[in-house]
Structure formats: C-alpha cells, structure tokens
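Just so we're on the same page, my numbering is the position in the sequence shown counted from 1, plus 31. Notes follow the structure.
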Amino acid sequence: MIFCDASPTAYQIQQQELKLTQMYLTNSIIYYKIFYDLSEKLPIIDYLTIDTCSILMEEQYCIRICLPFTTLKSLRYKVARSLNATSFAHVPNETCNFENDDLLNVVETQGGMIFNIETASCTYTIRKKGNLYIPVGDTYRYLLSGTQTLFLVWIKCLDLDEPIFDSDGKFSVVWKKENVK
32 MIFCDASPTA
42 YQIQQQELKL
52 TQMYLTNSII
62 YYKIFYDLSE
72 KLPIIDYLTI
82 DTCSILMEEQ
92 YCIRICLPFT
102 TLKSLRYKVA
112 RSLNATSFAH
122 VPNETCNFEN
132 DDLLNVVETQ
142 GGMIFNIETA
152 SCTYTIRKKG
162 NLYIPVGDTY
172 RYLLSGTQTL
182 FLVWIKCLDL
192 DEPIFDSDGK
202 FSVVWKKENV
212 K
C-alpha cells in the first residue's frame with residue numbers, strides 16, 4: 032500500500048464522527064503528510080499499529096507522525112526492514128530505496144533517540160541510548176529536528192495513553208501516560 036500526498040479535492044470523504052477500534056498499517060510506504068489527512072477524518076483510533084512501514088520524510092534523522100485531531104489509546108510503531116515484508120533474504124549493504132536507513136541504523140547500533148510526544152494537554156520527552164533512558168534537559172525538550180547521533184521521533188495527537196516503539200527486541204520504548212507525574 033502506498034499513501035501519497037494528494038490535494039483535498041482529489042478525494043472526498045464525508046465528514047462524520049468515525050471511531051476505529053484498531054487500525055493497522057503494515058508493509059507499506061507512507062508519505063508522512065497523510066497522517067494529518069487521516070486525523071481530519073478519524074477523531075478516535077483506539078489502537079494504531081504502524082508495522083514494517085517506511086515513512087517518507089522531507090528531513091533526515093526524523094520521523095513525524097502528526098495526528099493533531101485524533102485521540103489514541105495506543106500507538107505502536109515497529110521498525111523493521113522493508114525486506115521483512117517480503118520473502119527476499121536480507122543482504123548486508125543492500126537496501127531498498129524506500130528504507131528509513133537512518134532510523135534502522137540508529138536502532139541496529141543502539142544509537143541515541145529522542146521521542147517528543149505532544150498532546151493537547153502536555154508535551155512529554157523521552158531520551159534513550161541503547162537500553163538506557165537518559166534524563167532530558169531543556170536542550171532536548173523542544174528539539175525540532177534530529178541529528179546523526181540523535182534520531183527524533185515526533186508524535187503529535189490530541190491524546191495518547193501509550194506509545195510503543197520496538198524493533199524485534201533490539202530496541203524498544205514502552206511508556207504509559209499514567210506513570211508520568
């Protein structure tokens with residue numbers, strides 16, 4: 032499945048209150064701006080899973096998931112090579128043109144990541160390097176872009192109770208809003 036940027040007149044979905052219990056995006060190539068369009072149409076998604084997808088971004092060292100009009104209970108983002116979605120064997124140093132190579136490299140080398148979770152009521156920041164959670168100072172709290180040594184995952188939504196980020200056990204972040212004071 033490929034989601035691309037389309038003008039609002041290219042498609043029309045009747046405006047109504049839609050609620051999804053579960054939404055799975057798997058083995059897909061997604062242009063990041065489509066999340067905003069989904070958010071306009073889907074105010075409630077209980078469980079959103081993005082599994083083995085390549086999110087096409089306009090900037091390096093960053094993944095942005097912008098769902099500003101959507102309330103989520105759980106958002107799970109699973110990082111894996113696109114080849115995992117096929118029957119092809121992984122050959123080192125050969126990648127698909129649509130891979131999020133910078134993200135995959137950070138995950139595989141246990142590099143630094145920062146997660147900015149912005150909701151209507153608060154902004155949460157989580158910093159992790161390898162298996163260690165690192166205290167977040169003011170320098171990183173409002174980071175707008177990632178770097179080669181610190182990859183940024185930015186999630187914006189109305190509300191989010193539990194983001195889960197994992198990569199076949201190599202790297203994971205599980206966070207619950209009620210644990211934060």
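In this text, a Cβ means the ideal position worked out from N, Cα and C, and glycines have one as well.
Supposed close pair residue 92, residue 202 - CB separation, criterion 8 Å:
Taking the sequence shown and counting its residues from 1, the one referred to as residue 92 is at position 61. Taking the sequence shown and counting its residues from 1, the one referred to as residue 202 is at position 171. Their Cβ separation, rounded to whole angstroms, is 16 Å, which puts residue 92 and residue 202 out of contact at 8 Å.
So, for residue 111: in the same chain, excluding its five sequence neighbours on each side, which residues have a beta-carbon less than 8 Å away from its beta-carbon?
Locating residue 111 in the sequence shown gives position 80, counting from the first residue. Answer for residue 111: 82, 83, 198 and 199, listed in chain order.
Under 7 Å between the Cβ atoms of residue 56 and residue 76?
Residue mapping note: residue 56 aligns to position 25 of the sequence shown, counting from 1. Residue mapping note: residue 76 aligns to position 45 of the sequence shown, counting from 1. Not a contact, by the Cβ cut-off of 7 Å.
Can you give me the C-alpha to C-alpha distance between residue 60 and residue 167, rounded to a whole angstrom?
Here residue 60 is taken as the residue at index 29 of the sequence shown, counted from 1. Here residue 167 is taken as the residue at index 136 of the sequence shown, counted from 1. Distance between the alpha carbons of residue 60 and residue 167 is about 32 Å.
Candidates 70, 153 and 134: which alpha carbon is nearest residue 97's?
For this step, residue 97 is matched to residue 66 along the sequence shown. Cα-wise, what sits closest to residue 97 is 70.
How about residue 143 and residue 160: are their beta carbons less than 7 Å apart?
Taking the first residue of the sequence shown as position 1, residue 143 is located at position 112. Taking the first residue of the sequence shown as position 1, residue 160 is located at position 129. Contact: yes.
Could you give the C-beta distance for residue 145 and residue 158, rounded to a whole number, given that I count them as a contact under 8 Å?
Within the sequence shown, residue 145 is the residue found at index 114, counting from 1. Within the sequence shown, residue 158 is the residue found at index 127, counting from 1. About 5 Å separates the two Cβ atoms, so the contact holds.
If we ignore side chains and look at the alpha-carbon of each, how far apart do residue 190 and residue 134 end up?
By 1-based counting over the sequence shown, the position of residue 190 is 159. By 1-based counting over the sequence shown, the position of residue 134 is 103. Looking at the two C-alpha atoms, the distance is approximately 25 Å.
Per DSSP, what kind of secondary structure is residue 147 in: helix, strand or coil?
By one-based count along the sequence shown, residue 147 stands at place 116. Three-state DSSP puts residue 147 in a strand.
Secondary structure, alpha helix (DSSP H): runs of 4+ residues fully inside the segment 61-94
65-72
Hey, residue 15 and residue 193 are a contact pair by Cβ (cut 8 Å); roughly how many whole angstroms apart?
Residue 15 is absent from the model: the chain starts at 32 and stops at 212.
So what does DSSP say about residue 159, is it helix, strand or coil?
If you number the sequence shown from 1, residue 159 lands on position 128. Residue 159: strand per DSSP, three-state reduction.
Which residues does DSSP pair with residue 53 in a beta bridge?
By 1-based counting over the sequence shown, the position of residue 53 is 22. In DSSP, residue 53 forms a bridge with 78.
Candidates 108, 179, 165 and 153: which alpha carbon is nearest residue 140's?
Position 109 of the sequence shown, counting from 1, holds the residue named residue 140. For residue 140, the nearest C-alpha among the options comes from 179.
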